[in-house]
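Q: Here's a structure for you.
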Amino acid sequence: MPESTPPDPAAPRDTTPAPEGSTAPGPDARSVEREHDRREQTPWGIQQWETAIPEPILHRAARIEDAVQEYREQHARKRGQVPTVIPYTGYGAPGWVRVLCRVLLTRRGLASDVSYAGVRGWRSFTSVAVDHAEVTITAGGSTHTVQSDRGGVVDAIVPIDLEPGWQTIRLSAGGMRDVDADVFVVHPDTRFGLLSDIDDTVMVTSLPRPMLAAWNSFVLTEHARRPVPGMSVLYERILAQHPGAPTVYLSTGAWNVAPTLQRFLTRNMYPSGTLLLTDWGPTHDRLFRSGQQHKQDNLRRLARDFPDIQWLLVGDDGQHDEHLYGEFAREHPDNVAAVAIRQLSTSEAVLAGGRSRAQERTRDSTVPWVYAPDGAALWTELGRVGIAELG
Numbered sequence: 001m002p003e004s005t006p007p008d009p010a011a012p013r014d015t016t017p018a019p020e021g022s023t024a025p026g027p028d029a030r031s032v033e034r035e036h037d038r039r040e041q042t043p044w045g046i047q048q049w050e051t052a053i054p055e056p057i058l059h060r061a062a063r064i065e066d067a068v069q070e071y072r073e074q075h076a077r078k079r080g081q082v083p084t085v086i087p088y089t090g091y092g093a094p095g096w097v098r099v100l101c102r103v104l105l106t107r108r109g110l111a112s113d114v115s116y117a118g119v120r121g122w123r124s125f126t127s128v129a130v131d132h133a134e135v136t137i138t139a140g141g142s143t144h145t146v147q148s149d150r151g152g153v154v155d156a157i158v159p160i161d162l163e164p165g166w167q168t169i170r171l172s173a174g175g176m177r178d179v180d181a182d183v184f185v186v187h188p189d190t191r192f193g194l195l196s197d198i199d200d201t202v203m204v205t206s207l208p209r210p211m212l213a214a215w216n217s218f219v220l221t222e223h224a225r226r227p228v229p230g231m232s233v234l235y236e237r238i239l240a241q242h243p244g245a246p247t248v249y250l251s252t253g254a255w256n257v258a259p260t261l262q263r264f265l266t267r268n269m270y271p272s273g274t275l276l277l278t279d280w281g282p283t284h285d286r287l288f289r290s291g292q293q294h295k296q297d298n299l300r301r302l303a304r305d306f307p308d309i310q311w312l313l314v315g316d317d318g319q320h321d322e323h324l325y326g327e328f329a330r331e332h333p334d335n336v337a338a339v340a341i342r343q344l345s346t347s348e349a350v351l352a353g354g355r356s357r358a359q360e361r362t363r364d365s366t367v368p369w370v371y372a373p374d375g376a377a378l379w380t381e382l383g384r385v386g387i388a389e390l391g
C-alpha cells in the first residue's frame with residue numbers, strides 16, 4: 001500500500017504532538033513567521049517534532065476565561081472527577097490520521113457521562129474541560145502522545161499507517177479508561193469528497209437570529225430539530241455513486257454540541273463522517289471567535305490534506321456559505337467538483353436575515369453551481385450539470 005504524503009503541519013489546527021527537547025524561538029511576530037516558513041520546507045519526520053512555536057499573548061477575555069477554567073477544574077478534581085476522553089470521528093490517509101477528541105472531567109471516567117442522551121442542550125456547556133491534557137493515541141502498532149488545547153480539544157495529525165476505510169484507534173488520558181474513536185482513512189485513488197454545512201443545510205435552524213440561536217443551542221434536543229427534506233437521501237445517492245468518498249460536516253457550532261449534532265445526523269439517516277466544529281469562548285487575540293475564519297481555514301486545510309480530491313460543497317443561501325465556497329473555488333478550482341446551495345423558504349430567509357443573489361455568485365465561477373430548495377431538487381440539478389447520474 002503506497003504511503004501518502006502527510007499534510008502540511010503548518011496548516012491551522014489547535015494542537016500538535018508534544019515536542020521533545022524543543023527550543024522555542026523568540027516571541028516576536030517575525031520569528032514566528034520565519035518558524036512557519038522553516039517548517040514548510042522541512043521533511044515530515046523533522047517538522048512535526050523538532051521545534052515548538054511559542055504561544056501568543058492571550059486576549060484579556062481569554063485570560064479571564066482561563067482563570068475561571070482553572071478554578072472549575074481544581075474544584076471538580078477535588079470532588080473526585082477524573083479526565084475522560086470524548087472521541088470524535090477523524091479522517092486520514094495511508095501514513096497519517098487527523099485525531100479529534102476532547103478531554104473533560106467526569107465522575108466515572110466514561111465518555112457516556114457527557115453524551116447527554118435525552119437531556120437538553122444547555123447541559124453540554126456546563127462540563128469542565130481539561131487544558132493541556134496529555135492524550136495517548138494507540139493504533140497501527142504504534143503509540144503517540146498529544147496535548148489538548150485551552151478548551152480541552154485535541155486536533156492533531158499523527159503518523160499512523162492504517163488501511164483505507166473505516167478504522168478504530170484507541171485514546172486515553174490521565175491513565176483512565178481507553179475509548180475507541182472512528183477514523184475514515186481515504187484511499188490514495190479517491191478523487192471525490194462530500195462537504196456539507198449543517199445549519200439550514202441538513203437541519204432547519206435559522207441560526208443567525210440571536211434568540212433562536214440560543215434556543216437551538218441551549219434548550220432544544222435533537223428530537224425537536226427538523227431535518228431539511230430530502231438531504232439525507234441526496235447524500236446517500238451521491239456517496240453510492242462515489243464509493244470510498246470522505247464525508248465532512250463543517251459548522252460554526254461549538255464542540256460542546258457535538259454529541260447532539262451526531263445524534264441528529266444518525267437519527268435522520270445522514271452518512272457517517274467527520275464533524276469539524278470550533279471551540280466555545282474567546283480566542284488568544286479576540287473576544288469572539290470568527291465562524292467564517294473557522295470555515296475558511298478548514299476548507300483550505302482539506303485542500304492541503306487531500307490535494308487530489310474534488311469536493312462537492314453543499315450549503316445554503318442564508319448565511320455566508322456562498323461567499324466562502326465561491327472564494328475557495330477561486331483559490332482552489334481543481335479541488336471543487338461543484339457547489340450545491342439549498343435555497344431557504346421565505347420564512348426561513350426572513351429569520352436568517354435575507355438571502356443572497358444567486359446569479360451574482362455563478363457569474364465568474366469556473367465550477368458548476370446549482371440551487372434548489374430541497375434534496376430532491378438538488379439531485380435533479382446535480383444531474384443536469386453532470387455531477388450525479390440520474391438513471
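All the letters of the sequence shown, read from the start, carry residue numbers 1 to 391 under full-length UniProt numbering.
We treat Cβ as the ideally placed atom computed from N, Cα and C, and that holds for glycine.
These numbers come from a predicted model, not from an experiment.
#1: Just how far apart, CA to CA, sit His332 and Ala254?
#2: Does the distance from the C-beta atom of Pro83 to that of Ala139 stay below 8 Å?
#3: Would you report the Cα separation of Trp369 and Asn256, rounded to the nearest angstrom?
#4: Where does Gly375 fall in DSSP's three states?
#5: So is Gln41 buried or exposed if we call it buried at 16+ other beta carbons inside 10 Å?
#6: On the DSSP bridge list, what partners appear for Ile137?
#7: Just the Cα atoms here: how many angstroms apart are Gly291 and Thr278?
#8: Leaving out five residues before and five after Ala388 in sequence, what residues of the same chain have Cβ atoms less than 8 Å from its Cβ?
#9: Rounded to the nearest angstrom, what separates Gln296 and Phe328 at their Cα positions?
#10: In terms of residue numbering, what span does the alpha helix (DSSP H) encompassing Lys191 cover?
#11: Among Arg384, Arg267, Ser127, Leu312, which has the Cα closest to the Cα of Arg226?
#12: From what residue to what residue does the beta strand (DSSP E) around Pro87 run?
#13: Could you work out which residue in Met176, Pro87, Phe184, Gly141 is closest to Val97 when comparing CA atoms only?
#14: On the DSSP bridge assignment, give the partners of Val257 in chain order.
#15: Express the C-alpha separation of Ala133 and Pro246 in angstroms, rounding to a whole number.
#16: So, with DSSP's three-state summary, where would you put Gln41?
#17: Should Trp166 be labelled buried (16 or more other beta-carbon atoms within 10 Å of its own) or exposed?
#18: Pick helix, strand or coil for Arg237, following the three-state DSSP scheme.
#19: Using beta-carbon positions only, say whether Ala372 and Arg342 come within less than 8 Å of one another.
#20: Between the segment 146-156 and the segment 175-191, do at least 3 Cβ pairs fall closer than 8 Å?
#21: Report, in whole angstroms, the separation of the C-beta atoms of Val228 and Gly375, which I expect to be a contact under 8 Å.
#22: Please classify Pro87 as buried or exposed, where buried requires at least 16 neighbouring CB atoms within 10 angstroms.
#23: Relative to the alpha-carbon of Trp311, which residue among His320, Asn298, Gly318 has its alpha-carbon at the smallest distance?
#24: Please determine, among His144, Leu105, Ser251, Gly315, the residue with the shortest C-alpha to C-alpha distance to Ile169.
#25: Give the secondary structure of Pro229 by DSSP, where H, G and I count as helix, E and B as strand, and everything else as coil.
#26: Determine, using beta carbons only, whether Val314 and Asp197 come nearer to each other than 8 Å.
#27: Spatial neighbours of Tyr325 within its chain, please: C-beta separation below 7 Å, excluding the five flanking residues on both sides.
#28: Please list the terminal residues of the continuous beta strand (DSSP E) segment that includes Gln343.
A: So, from the data block:
#1: 27 Å
#2: no
#3: 33 Å
#4: helix
#5: Reliability fails at Gln41, whose pLDDT of 35 lies under 50, so the model's placement of it is uncertain and the value that follows must be treated cautiously. Its Cβ having fewer than 16 others within 10 Å, Gln41 is exposed.
#6: His144, Leu171
#7: 8 Å
#8: Arg237, Ile238, Gln241, Trp379, Leu382
#9: 8 Å
#10: It is worth fixing the name first, because residue 191 is Arg in this sequence and not Lys. Taken as a continuous stretch (DSSP letters only), Arg191 belongs to no alpha helix (DSSP H), as it is neither H nor E.
#11: Arg267
#12: 82-93
#13: Phe184
#14: Looking at the DSSP assignment, Val257 forms no beta bridge with any residue, so it has no partner.
#15: 29 Å
#16: The predicted position of Gln41 is uncertain, since its pLDDT is 35 and thus under 50; a value taken from the coordinates is nonetheless stated next. Looking at Gln41 - three-state DSSP - the assignment turns out to be coil, as it is neither helix nor strand.
#17: exposed
#18: helix
#19: yes
#20: no
#21: 7 Å
#22: buried
#23: Asn298
#24: His144
#25: coil
#26: yes
#27: Leu313, Gly315, Val339
#28: First-last for Gln343: undefined, no H or E at that position.
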